[in-house]
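Count the sequence shown with the working numbering and you get residues 299 to 551, in order. Read through the structure below, which is laid out as structure tokens, and then see the notes.
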Amino acid sequence: MRNKIVAGNWKMNTNFKESKTLVKQLRRAVKKMPLDDDTRVLIAPPFVNLPSAVKRTRKSSIEVAAQNMHQAINGAFTGEVSAGMLKSIGVKTVILGHSERRTIFEETDALLAEKVDAAIANGLEIIFCFGELLEDRKSGNHFSVVESQLKSGLFHLESIAWNQIVLAYEPVWAIGTGETASPEQAQEMHAFIRKLLQDTYTTVVADNTSILYGGSVKPANAKEIFSKKDVDGGLIGGAALNAEDFKAIIAAI
Ligand code: PEP
299 MRNKIVAGNW KMNTNFKESK TLVKQLRRAV KKMPLDDDTR VLIAPPFVNL PSAVKRTRKS
359 SIEVAAQNMH QAINGAFTGE VSAGMLKSIG VKTVILGHSE RRTIFEETDA LLAEKVDAAI
419 ANGLEIIFCF GELLEDRKSG NHFSVVESQL KSGLFHLESI AWNQIVLAYE PVWAIGTGET
479 ASPEQAQEMH AFIRKLLQDT YTTVVADNTS ILYGGSVKPA NAKEIFSKKD VDGGLIGGAA
539 LNAEDFKAII AAI
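Here it is in structure tokens:
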């Protein structure tokens, strides 16, 4: 069966010292929490803070993810980080396709498919992000946009590779805006995605794939969103930078 997951995307926040402090606070908080066996907590600090975060969470149930990676094995790609490099420091999960990567850094569906293949080949788990723009929702195209992003980025994979995929539906209009999709809107989209997995792959793939919601999840709204049948947790931005808030969101799962 699928896991329940709360993952924190720290984006380009926290210097070395701040990251150390936040990891310490979270480690303490999570230690005191009775997490179910099927519940996972991940944090995704910036690249430079990954080795320290891996080291400091070794004896904790917190897992460490990267926020991005390059698709090539190695080579002349100044400033980039490969899947193998992440693996070599003990990182087992990578976020791909975040809307900030898609919009600000112009990552296309085709590029993301290459990154997905590189991560899978290196045995990394992927938190694959996708979601519609406000204009897509207003024009009623949100289902077709999401379907197209999933098809282009992931549907070339064999069923077996889905053991390494976590989906994160993040409507772009709800990221960092304070505006959240209603629990009903989230459930409607998650059910659509699960049906898509069932039709494209199998009921087993559909049932076993965790689908997270992301977009202004806070302690005040987490419980209601997570209570929906097809919402298996959240990808958290802003609220993941505050230990008390992140703890409350974990408690909500
Ligand atoms: C995100 O960046 O993935 C995100 C969901 O951000 P926020 O929670 O701040 O909206």
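Beta carbons are placed, not taken as given, at the ideal position from N, Cα and C, and that holds for glycine.
Alpha helix (DSSP H) segment containing residue i, residue limits
i: N506; result: 501-506
i: E542; result: 541-550
i: L412; result: Checking the sequence, you will find Glu at residue 412 rather than Leu. Unbroken alpha helix (DSSP H) run through E412: 407-419.
i: F314; result: 314-329
i: G382; result: 381-386
Near the ligand PEP: residue i beta-carbon under 7 angstroms from a heavy atom
i: N439; result: no
i: L465; result: no
i: H396; result: yes
i: V515; result: yes
i: A484; result: no
i: L533; result: yes
i: K521; result: no
i: E361; result: no
i: N366; result: no
i: I424; result: no
i: A550; result: no
i: E468; result: yes
i: N301; result: no
i: G429; result: no
i: N540; result: no
i: A479; result: no
Opening and closing residue of the beta strand (DSSP E) in which residue i lies
i: G451; result: Premise fails: G451 lies in the alpha helix (DSSP H), 440-452, not in any beta strand (DSSP E).
i: E486; result: Taken as a continuous stretch (DSSP letters only), E486 belongs to no beta strand (DSSP E), being part of the alpha helix (DSSP H) at 481-498.
i: V362; result: 360-364
Cβ-based burial, residue i [other Cβ within 10 Å; buried from 16]
i: F314; result: exposed
i: T475; result: exposed
i: P553; result: There is no way to answer for residue 553, as the model of the chain reaches only from 299 to 551.
i: I523; result: buried
i: I458; result: exposed
i: H454; result: exposed
i: I402; result: exposed
i: K413; result: buried
i: S386; result: exposed
i: V328; result: buried
i: S514; result: buried
i: E456; result: exposed
CA-to-CA distance, residue j to residue i, given in whole angstroms
i: D334; j: A479; result: 26 angstroms
i: P481; j: I473; result: 15 angstroms
i: I371; j: R399; result: 20 angstroms
i: Q323; j: A541; result: 6 angstroms
i: P517; j: Y511; result: 14 angstroms
i: T406; j: W308; result: 22 angstroms
i: R326; j: S358; result: 9 angstroms
i: G373; j: V464; result: 28 angstroms
i: H396; j: E404; result: 11 angstroms
i: S450; j: A411; result: 7 angstroms
i: K521; j: R356; result: 28 angstroms
i: E477; j: P343; result: 24 angstroms
i: F375; j: D415; result: 18 angstroms
i: R492; j: L432; result: 22 angstroms
Same chain only: Cβ atoms within 6 angstroms of residue i, ignoring 5 sequence neighbours per side
i: G306; result: I341, I534, A538, F544
i: N301; result: D336, R338, S508
Same chain, Cβ closer than 8 angstroms to residue i, neighbours up to 5 away in sequence not counted
i: V379; result: F345, A364, N366, M367, H368
i: Q462; result: A417, I418, G421, L422, E423, I424
i: V529; result: P481, A484, Q485, H488, I509, L510, Y511, I523
i: L348; result: V362, A364, L384, I387, V389
Sequence-distant residues of the same chain with beta carbon closer than 7 angstroms to residue i, five excluded per side
i: Q496; result: A504
i: V304; result: V339, G531, G532, I534, I547, I548, I551
i: V352; result: V362, I387, G388, V389
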